[in-house]
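Contents: one structure, followed by commentary.
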Amino acid sequence: SLVMSAKAVEERRLRLVYDALDNYNAKAALKESEKVLKKHPGMQTAKVLRALALIRLERLTEAVQILEEVQANLDDYEESTLQAFVHCFKELNQPERICELYAKAVAAKPDENYYSHLFMSYARVCNYKDQQKTALALNRIAPSQPYYLWAVMSVIMQATENPEMGKKMLLPLAEKMLTKIYDENKQEWKNSQQIELNVLVLEKQGRKSEAADLLESPGAAALLTPTAGMLLIRVLQLRADAKQWAVVLEKAEEGLWKTEAAVDQWLLWVHLLDAAFALAEEAGEMEEKMKFIDRAFAAVVKACETAPTYRGPYMAHFEFVARAQRVGVHDPEKHGDAVALLVAYARRFHSKPTCFIDLIKWLHMAGSEERQAEVEAGISAIVDEEMKKSLETREKGDDDTDLPTTSQAECWSIVLHERVRRWYGREVAAGPQERRSRVLRLARSQLHVSGVPQAAASLTLLAAEGAYLCYRLDGDARALYEAMLLLETAARAHSEDYLARLILMHLYTLLGVPSRMRALSEQLDIKMVQRDSLGHLGFHAAEIGGHVHFGSIHYTSLGEFYDLADREISECIVSAYKNGSFAQIEGVVGMRRRMRKSIMAVAADVANRWISAAFSLKVIEHVVTIMKGDEDPAEWESLSDNRDYTIIPACDQQLADEIKQYGTTAREEMIDLSRLRHLIMRVSAAVARGSIEAGRGLFANLTEQLAHCKATYTEEQTPPPGFANTPPAFLGEWVHGPFLAPLLRLLSGALDAIEAGGDEKGEAERLPSETEMSSLYSSLVAAIGAAIDTPPTRNTVLPLSTAMRLSSRAAQSIAFCRQLLRIISLRLVGEKTTASKKAVRDSLAALSEATRRAGDELGEQMERARERLEQAQDECFPTVDEAFWNVEWAALLLSEKKEVDVTIARAHTSAIQELQACLKS
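First residue of the sequence shown? That's 1 in UniProt numbering, and the numbers climb one at a time after it.
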């Protein structure tokens with residue numbers, strides 16, 4: 001037909017637009033869409049595709065205008081037009097408008113396809129009530145069980161959001177809906193989705209026993225997709241939640257002997273031991289208690305005897321002894337001596353890299369220091385035996401010297417012994433000299449085991465951790481530098497060693513070298529959710545180092561990542577509904593909630609606004625807009641800290657506990673820093689546009705937050721307990737130093753001047769004087785000069801890196817004051833230059849001149865630092881103690897030192913030039 005022919009022509013002409021968009025060539029897409037619109041001015045799909053191209057070119061105002069015009073005149077709801085709208089709204093981060101779009105489409109043309117799209121649009125925004133209504137309407141016009149199950153799941157999610165209403169009404173409703181399906185199917189379950197939803201409803205109602213009964217029913221196993229082993233674990237968990245310990249014990253015992261490998265299934269052992277000890281606790285007489293405990297122990301012994309090559313039974317033995325010790329029924333002669341068991345496990349599995357990870361949970365069983373020493377001695381004997389065996393078979397080099405060992409057992413026994421002694425706190429308890437000597441011994445051992453790369457990398461990491469302890473506990477800053485050099489050798493020699501690179505990211509962030517931090521991140525291929533969980537390792541690098549442009553790019557990139565992650569998680573929710581994967585939906589929704597409330601997302605947004613307001617934006621209206629930020633108040637206390645502090649393992653038990661505590665402190669520091677900056681910017685925006693009451697209220701909040709930060713954080717930053725922690729933000733240094741004083745004085749003076757109510761003389765008098773501001777700026781610049789003049793000593797970590805961090809803070813303060821003066825001028829004088837308010841204009845001009853001088857003086861101080869880097873680079877960095885290290889390691893470290901020094905010097909030089917340019921612009 002003519003209509004079909006016309007449609008075909010339109011689709012053919014739009015093909016070039018689609019191809020350009022698919023290839024992310026927005027300019028070509030815009031050009032092709034304009035060609036189509038010249039021939040077909042009324043083609044709605046072409047208009048929306050043109051808007052999509054404009055969105056990708058960041059011409060948002062034009063794109064939004066086109067979308068609003070098309071949507072206002074939309075009468076023919078073609079699928080191609082609607083899908084183009086969907087892409088536009090997704091990229092604009094406006095998923096709620098997709099709901100409005102399809103709601104109108106359904107009202108105009110109520111067919112199955114549009115209703116399905118409407119349901120999925122509600123799923124993207126988690127509008128569960130409207131999901132339910134839409135799914136039921138969809139089921140009415142096109143009866144289908146999947147649509148009805150969508151409605152059931154929507155009811156369940158409403159119950160999850162509102163537990164009180166869920167208990168009273170929603171969960172019974174969901175159960176009633178599922179019972180209706182069951183009855184219609186003649187008392188049979190037809191698919192796994194029906195079973196999963198029933199189990200979900202029963203679990204949420206606390207009817208765990210009934211949920212387990214359903215999973216164990218004859219037809220369920222045939223329909224459910226998990227393996228028999230995983231289904232058993234799920235049933236055991238439900239029975240355990242229902243406190244049906246006798247059933248759990250019996251079924252766990254049965255599960256252990258179903259297959260040969262089942263004895264290595266750790267969760268089966270956990271449930272068996274949980275049940276046995278719970279039944280023992282419930283029993284009255286000791287004889288009755290011991291019956292259950294002996295039953296569990298018999299299962300452990302049988303597994304160890306019948307499956308000696310599996311690690312699971314031996315670890316179950318450890319767990320049994322640990323629990324028996326806790327309840328006071330451990331009999332060493334009967335159940336096994338804890339020390340003997342630990343050493344026996346080490347003897348059996350010391351050749352495996354996982355041996356220490358297996359043991360770490362139960363090393364505490366040894367008890368006293370004397371018994372811990374027995375564990376160390378036992379493992380040390382294993383090392384001696386393996387070294388003796390290896391010596392007998394080791395090959396010789398051309399000069400008759402021993403080649404590095406290739407014995408896995410010898411290498412990993414050395415690593416195991418060192419890790420165990422550290423876990424017991426021997427390194428922390430040692431004296432400074434002994435700690436330092438241990439670093440060298442480990443480095444020598446690394447050369448000895450270099451035939452086994454993974455073990456060699458582990459020993460290098462242990463040597464670096466030892467050097468870090470010398471820095472943290474003994475104040476030996478040179479040791480921190482040596483730790484960095486050791487890790488660089490590991491990263492260069494072992495491409496598979498991710499831990500060395502992660503720790504180096506931490507250290508280069510501490511020193512403000514974002515270029516190397518980014519290169520390490522790219523080597524590790526950190527992407528997607530890892531940018532949230534591991535992003536803290538390099539978050540502050542740009543600001544600490546004074547790299548304004550890099551910081552802006554980094555924070556913008558993080559913001560884009562969180563927007564993209566939100567869209568992708570929304571599509572995962574949609575896919576879960578389409579595929580009937582209802583059990584996954586609640587977890588995916590929870591993940592999206594945590595990502596949206598991520599502390600990293602909020603901190604990146606605030607930091608990006610801060611840097612953009614101070615350095616990037618020139619139009620004062622844009623500065624005020626970005627300072628004001630979102631209208632919605634930030635929910636600081638509910639932010640989710642998704643950072644992973646366990647990716648780098650702690651080296652001793654005490655340190656592991658300190659790391660947990662430091663994680664809480666780091667979370668609060670990130671929130672306090674972001675909140676302080678946010679309040680400074682909100683007060684500044686209020687100076688430009690807000691009422692005096694709003695400004696005073698915000699300034700009071702700012703003063704309170706600053707007082708809290710000063711009381712909480714000390715000026716001298718305590719080194720983090722270990723590599724695993726986030727690099728510090730140096731908040732204490734910022735709030736106690738001279739950095740905020742000029743800025744706060746301008747803000748208070750501006751509010752006072754606004755309160756003068758337009759009186760020219762009163763406004764001029766209430767602004768701070770040039771002398772006062774010059775004095776505050778002088779203190780700021782003097783702090784930078786003192787840091788630059790600090791020579792490198794045993795107790796200072798690269799003083800020029802400290803100077804760069806302070807210079808970055810000072811430059812931010814001066815740049816922010818410069819913008820504030822423009823804001824004050826906008827409020828008190830206005831945009832147009834007039835003869836009125838000469839006194840105010842003169843006062844502001846004097847303050848601007850003082851700020852400019854401060855910027856020039858800071859630039860001169862940084863120029864001194866740059867000259868030192870160029871003329872006396874060797875004096876700016878710690879030396880390698882060649883007399884301490886052996887010949888091989890001295891050569892390795894000196895080789896790495898050349899590259900590390902150049903990398904750091906280049907980073908500082910480029911930062912100085914960038915900050916100088918920003919201060920002059």
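Note that CB positions come from ideal geometry on N, CA and C, so glycine has one too.
8 Å Cβ cutoff met for residue i and residue j
i	j	result
residue 375	residue 420	yes
residue 457	residue 500	yes
residue 808	residue 535	no
residue 487	residue 473	no
residue 442	residue 466	yes
residue 461	residue 449	no
residue 36	residue 26	no
residue 222	residue 214	no
residue 594	residue 642	yes
residue 743	residue 820	yes
Sequence-distant residues of the same chain with beta carbon closer than 6 Å to residue i, five excluded per side
i	result
residue 149	193
residue 894	880
residue 763	753, 756, 828, 840
residue 378	343
residue 857	781
Neighbourhood of residue i by C-beta distance below 8 Å, restricted to the same chain and skipping five residues each side
i	result
residue 635	597
residue 556	608
residue 103	118
residue 267	233, 236
residue 914	546, 547, 548, 549
residue 814	742, 777, 780, 851, 854, 855, 858, 919
Rounded C-alpha distance that separates residue i from residue j
i	j	result
residue 829	residue 687	13 Å
residue 135	residue 573	15 Å
residue 200	residue 314	35 Å
residue 526	residue 502	10 Å
residue 952	residue 541	Not covered by the structure: residue 952. The range shown for the chain is 1 to 921.
residue 739	residue 714	15 Å
residue 282	residue 217	29 Å
residue 755	residue 53	48 Å
residue 19	residue 521	33 Å
residue 818	residue 898	40 Å
residue 917	residue 618	14 Å
residue 648	residue 824	48 Å
residue 581	residue 694	49 Å
residue 905	residue 592	41 Å
residue 799	residue 785	12 Å
residue 341	residue 896	43 Å
residue 400	residue 413	For residue 400, the predicted structure reports a pLDDT of 46, less than 50, and the residue's modelled location is therefore unreliable. The matter cannot be settled from this model.
residue 701	residue 844	26 Å
Other residues of its chain near residue i: CB distance less than 7 Å, five sequence neighbours each side excluded
i	result
residue 605	559
residue 616	552
residue 889	443
residue 405	390, 394, 411, 448, 449, 451
residue 126	589
residue 884	440
Nearest to residue i (by Cα), restricted to the options the options
i	options	result
residue 717	506, 426, 729	729
residue 383	12, 408, 764	408
residue 129	111, 154, 108	154
residue 44	60, 57, 82, 20	82
residue 696	225, 461, 750, 491	750
residue 359	589, 301, 312, 564	312
residue 330	307, 293, 362	293
residue 411	845, 385, 158	385
residue 875	152, 206, 789	789
residue 771	471, 640, 848	848
residue 176	162, 160, 202	202
Complete alpha helix (DSSP H) runs within the region 79 to 107 (minimum length 4 residues, chain order): 79 to 91
Complete runs of the alpha helix (DSSP H) confined to the region 583 to 618 [at least 4 residues]: You should have 599 to 611.
Beta strand (DSSP E) runs contained entirely in the region 359 to 434, provided each spans 3 or more residues: none
Start-end ranges of the alpha helix (DSSP H) lying completely within the region 687 to 723, minimum 4 residues: 692 to 712
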